Structure formats: structure tokens, C-alpha cells
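**Q**
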Amino acid sequence: MTKDTKELQAINTAWQIAIQEILRMVIRDMYHGGGEESFKTHIKRIEEAAVDSIYTDLRLRGTDEWTEVLVKEKASNFVTMLLTSFTYDRA
919 MTKDTKELQA
929 INTAWQIAIQ
939 EILRMVIRDM
949 YHGGGEESFK
959 THIKRIEEAA
969 VDSIYTDLRL
979 RGTDEWTEVL
989 VKEKASNFVT
999 MLLTSFTYDR
1009 A
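Count the sequence shown with our numbering and you get residues 919 to 1009, in order.
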């Protein structure tokens, strides 16, 4: 692997971690007060709305259909993985 490839991977990983932690804090602060069941309901609603938006509203200019489908699938998978990783912290 070249130095540029490793640096790009490090940047992508750092970006994903940063976004995940920001979202974790925002979601925790917004939905923690309603209790665990409410928290899980909000997370599921956000996940469903985000995935629906990706598949219905996302348009990628200058790409072929295969690339657009792949990006939408990966983005949807990332949304699901990210949001299902959030847990209700009783602390």
C-alpha cells in the first residue's frame, strides 16, 4: 500500500470516527431524557428516515447507475451500523 493510500485511509477513518462521536453526543443529549424505550424509538425513526432519504432523494451527478446503487447501499449500511451502535446510557 502506498503512503498516499494509507494517508487517505487514515483520513477516512478519522472522519468516520469524528462524525460518529458527534452524532452519539447529539443523539444522546436530544433523546436521553425520555427513557430507554423512547430513545430506541427515536433511533429507529432516525434510521428509517435516513435510509429512505438516501434511496429516494440522493442523486449523484456524473456517475453511472451501478455506482449510484453501490453508494446508496453503502451509505444505508453505514447509517444502520452507526445508529444501531448507539446504546442508552443510564448514567
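By construction, the Cβ of each residue, glycine as well, lies at the ideal position given by its N, Cα and C atoms.
Remember, predicted model here, so these are calculated numbers, not experimental data.
Identify which residue in 1007, 966, 977, 980 has its Cα closest to the Cα of residue 994.
**A** 966
**Q** Would DSSP call residue 1007 helix, strand or coil?
**A** Note: residue 1007 maps to coil in three-state DSSP.
**Q** Using 9 Å as the threshold, is the C-beta distance between residue 964 and residue 990 below it?
**A** no
**Q** Once the 5 residues before and after residue 1004 are set aside, which same chain residues still bring their CB inside 7 Å of it?
**A** 942, 945, 961
**Q** Figure out for me which residue from 980, 947, 940, 958 has the closest Cα to the Cα of residue 1002.
**A** Minimum Cα distance to residue 1002 is reached at 958.
**Q** Look at residue 954 and residue 1006 and say whether their C-beta atoms are less than 9 Å apart.
**A** yes
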